[in-house]
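J.: Numbering (the numbering used here) for the sequence shown: 533 to 820.
Please see the structure below; I have some questions.
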Amino acid sequence: MALKGKDITVTFKNGTRAVDHVSFQMDKGIYGLLGENGAGKTTLMRVLTTILKPQEGAVFLDDVEYKEESYEKLRRKIGYLPQELGLYPNLTVKETLEYMGSLAGMSKAGCRERIEYYLEKTSLSQHQNKKNRQLSGGMKRRVGLIQALLHEPQMLVIDEPTTGLDPEERIRIRNLLVDFSRERIVLFSTHVVEDLAATCNQLAIMKKGSLVYKGEMKKLMEKVKGHVWLCEGLKEEEAGWVMKEYRISSRIYTEKGLQLRIVSEKKPETACSPVEAGLEDAYMYMTQ
533 MALKGKDITV
543 TFKNGTRAVD
553 HVSFQMDKGI
563 YGLLGENGAG
573 KTTLMRVLTT
583 ILKPQEGAVF
593 LDDVEYKEES
603 YEKLRRKIGY
613 LPQELGLYPN
623 LTVKETLEYM
633 GSLAGMSKAG
643 CRERIEYYLE
653 KTSLSQHQNK
663 KNRQLSGGMK
673 RRVGLIQALL
683 HEPQMLVIDE
693 PTTGLDPEER
703 IRIRNLLVDF
713 SRERIVLFST
723 HVVEDLAATC
733 NQLAIMKKGS
743 LVYKGEMKKL
753 MEKVKGHVWL
763 CEGLKEEEAG
773 WVMKEYRISS
783 RIYTEKGLQL
793 RIVSEKKPET
803 ACSPVEAGLE
813 DAYMYMTQ
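Okay, structure coming up:
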């Protein structure tokens with residue numbers, strides 16, 4: 533099982549190049565996708581789920597090329613949770629999932645068995661008879677995730693799966709995705725950096741339609757090593773100057789004054805000490 537992209541390019545009618553000659557290969561496992569709003573993440577995911585056709589380049593899933601004549605075959609192998617998911621407001625959770633299962637060609641017995649399993653895994657069993665309009669935002673995200681998982685796709689593409697979830701629910705969903713990725717490809721896009729740090733060992737960072745990093749999380753952290761600094765006990769005037777001159781990944785008020793975490797190629801021209809980098813620091817370093 534492998535997903536390959538070669539020189540994928542998407543240009544909108546207004547001339548904006550949303551995805552700019554992106555190439556990659558993903559094998560079994562869970563991959564993180566990180567980038568600011570407008571970086572091209574959602575456009576790339578729409579290409580990988582056959583919703584959008586690129587103007588240039590090619591995509592292959594399990595050696596099957598993305599072409600109109602192969603879309604039906606490919607879609608049976610793909611699960612997708614978009615950022616914006618429309619659920620029929622008057623259907624219950626269970627009715628929604630049964631309907632999604634029938635669209636995927638699942639048997640009634642097999643569908644019901646998987647629905648029960650995933651309702652339990654996502655703590656929605658007690659809410660299965662509620663109508664979708666009665667659900668909170670976090671519950672709707674979990675229903676959306678189940679519909680993407682239901683037919684057990686070979687590739688799962690998920691956009692912001694933990695939005696609206698409390699910390700305990702986020703951990704539960706992260707663990708579910710890690711388990712699901714053992715024999716499959718999972719591409720996981722989110723702005724919640726700690727979710728990626730807790731689930732992925734492979735990461736891609738997008739900026740302005742291009743991949744500025746792709747590879748192991750460990751190697752990314754090696755790149756940023758020695759480029760993160762901590763300044764403590766700063767007064768407002770000095771802190772203001774530092775924040776104008778450098779990229780700041782953290783700002784905290786303490787009893788001694790302001791504490792700033794700086795991401796910089798060179799040692800800042802102020803009193804500071806090197807500290808161990810985190811994923812947020814690495815992201816800022818790669819995109820500056």
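Beta carbons are placed, not taken as given, at the ideal position from N, Cα and C, and that holds for glycine.
Grab me the residues of Thr541's own chain with a C-beta within less than 8 Å of its C-beta, minus the 5 sequence neighbours each way, in chain order.
T.: Working through the sequence shown from its first residue, we reach residue 541 at position 9. These residues qualify, in order along the chain: Arg549, Val551, Asp552, His553, Val554, Pro586, Gln587, Glu588, Gly589.
J.: Would you mind working out which of Glu700, Gln658, Met687 sits nearest Arg608, comparing C-alpha positions?
T.: Position 76 of the sequence shown, counted from the first residue, corresponds to residue 608. Residue Met687 is the option with its Cα nearest to Arg608.
J.: Which residue marks the beginning of the beta strand (DSSP E) containing Glu627, and which one marks its end?
T.: In the sequence shown, counting from the first residue as 1, residue 627 sits at position 95. Glu627 -> not in any beta strand (DSSP E); alpha helix (DSSP H) instead, spanning 625 to 635.
J.: Based on the DSSP secondary-structure assignment, which residues constitute the bridge partners of Leu565?
T.: Here residue 565 is taken as the residue at index 33 of the sequence shown, counted from 1. Answer by DSSP bridge pairing, in chain order: Ser721, Ala736.
J.: For Tyr745, which three-state DSSP category applies?
T.: Mapped onto the sequence shown, residue 745 falls at position 213. Note: Tyr745 maps to strand in three-state DSSP.
J.: Counting along the chain, where does the beta strand (DSSP E) carrying Glu588 start and finish?
T.: If you number the sequence shown from 1, residue 588 lands on position 56. Residues 588 to 593.
J.: Which term fits Gly642, buried or exposed, when burial requires 16 or more other beta carbons within 10 angstroms of its beta carbon?
T.: Here the question's residue 642 lines up with position 110 in the sequence shown. Result: exposed.
J.: Could you check how far apart the C-beta atoms of Leu792 and Val807 are, in whole angstroms? I think they sit under 8 Å.
T.: Counted from its first residue, the sequence shown places residue 792 at position 260. Counted from its first residue, the sequence shown places residue 807 at position 275. The Cβ separation is near 11 Å, so there is no contact.
J.: Mark Phe720 as exposed unless 16 or more other C-beta atoms lie within 10 angstroms of its C-beta, in which case mark it buried.
T.: Position 188 of the sequence shown, counted from the start, is the residue given in the question as residue 720. By the neighbour-count rule (16 or more Cβ atoms within 10 Å), Phe720 is buried.
J.: Quick test of the definition: if touching needs 3 or more C-beta pairs under 8 Å, does the region 612 to 624 touch the region 591 to 603?
T.: As far as the Cβ criterion goes, the region 612 to 624 does not touch the region 591 to 603, which means the pair count is below three.
J.: Quick check for students: name the residue ranges of the beta strand (DSSP E) that lie wholly in the region 600 to 684, counting only runs of 3 or more.
T.: Those beta strand (DSSP E) runs which fall completely within the region 600 to 684 and span 3+ residues are 610 to 613.
J.: Is Ile717 closer than 7 Å to Met508 when the C-beta atoms are compared?
T.: Outside the displayed range of the chain (533 to 820) lies residue 508, so it cannot be described from this structure.
J.: As a quick exercise: from Glu770, Tyr563, Leu766, Met749, pick the residue whose alpha carbon is nearest that of Phe712.
T.: The residue labelled residue 712 in the question sits at position 180 within the sequence shown. That would be Tyr563, whose Cα lies nearest to the Cα of Phe712.
J.: What residue range is occupied by the uninterrupted alpha helix (DSSP H) comprising Phe712?
T.: As a working mapping, residue 712 is identified with position 180 in the sequence shown. Element bounds for Phe712: 699 to 712.
J.: Quick check: what's the CA-CA separation for Met753 versus Tyr817?
T.: Taking the sequence shown and counting its residues from 1, one reaches residue 753 at position 221. Taking the sequence shown and counting its residues from 1, one reaches residue 817 at position 285. The straight-line gap from Cα to Cα measures roughly 10 Å.
J.: May I have a chain-ordered list of the beta strand (DSSP E) segments no shorter than 3 residues that lie completely inside the region 751 to 781?
T.: Fully enclosed beta strand (DSSP E) runs of 3 or longer: 760 to 766.
J.: Report all residues from its chain with a CB closer than 7 Å to the CB of Ile780; omit the five preceding and five following residues, and keep chain order.
T.: For the purposes of this step, residue 780 is identified with residue 248 of the sequence shown, where counting begins at 1. Only Leu792, Arg793, Ile794 meet the Cβ criterion.
J.: Using only CA atoms, which one of Glu797, Lys755, Gly567, Ser782 lies nearest to Ser742?
T.: Locating residue 742 in the sequence shown gives position 210, where the first residue counts as 1. That would be Gly567, whose Cα lies nearest to the Cα of Ser742.
J.: Nearest-angstrom Cα distance between Leu728 and Pro693?
T.: Counted from its first residue, the sequence shown places residue 728 at position 196. Counted from its first residue, the sequence shown places residue 693 at position 161. So the alpha carbons of these two residues sit roughly 11 Å apart.
J.: Roughly how many angstroms separate the alpha carbons of Lys767 and Tyr785, rounded to a whole number?
T.: Within the sequence shown, numbered from 1, the residue matching residue 767 stands at position 235. Within the sequence shown, numbered from 1, the residue matching residue 785 stands at position 253. Distance between the alpha carbons of Lys767 and Tyr785: 10 Å.
J.: Look at the alpha carbon of Met632 and the alpha carbon of Gln658, and state the distance between them as a whole number of angstroms.
T.: Looking up residue 632 in the sequence shown gives position 100. Looking up residue 658 in the sequence shown gives position 126. Near 20 Å, if we compare the C-alpha coordinates of Gln658 and Met632.
J.: How many Å lie between Ile583 and Asn546 at the Cα?
T.: Translated into the one-based positions of the sequence shown, residue 583 becomes position 51. Translated into the one-based positions of the sequence shown, residue 546 becomes position 14. Cα to Cα, the separation comes out at about 19 Å.
J.: Straight-line CA distance for Leu623 to Val756?
T.: As a working mapping, residue 623 is identified with position 91 in the sequence shown. As a working mapping, residue 756 is identified with position 224 in the sequence shown. Distance between the alpha carbons of Leu623 and Val756: 49 Å.
J.: Pull the bridge partners of Arg783 from the DSSP assignment, please.
T.: Within the sequence shown, the letter at position 251 stands for residue 783. Paired residues: Leu792.
J.: What does the alpha-carbon distance come out to for the pair Asn733 and Gly747?
T.: The residue labelled residue 733 in the question sits at position 201 within the sequence shown. The residue labelled residue 747 in the question sits at position 215 within the sequence shown. If you take the alpha carbons of Asn733 and Gly747, they lie about 8 Å apart.
J.: Taking buried to mean at least 16 other C-beta atoms within 10 Å of its own C-beta, is Val760 buried or exposed?
T.: Here residue 760 is taken as the residue at index 228 of the sequence shown, counted from 1. Answer is buried; the Cβ neighbour count reaches 16.
J.: Just to confirm my understanding: we take Arg646, look at its own chain, exclude 5 residues before and 5 after, and list those with CB closer than 7 Å. What are they?
T.: Residue 646 sits at position 114 when you count from the first residue of the sequence shown. Contacts found: Leu682.
J.: Looking at the structure shown, is Met558 part of a helix, part of a strand, or coil, going by DSSP?
T.: If you number the sequence shown from 1, residue 558 lands on position 26. Reduced to three states, the DSSP call for Met558 is strand.
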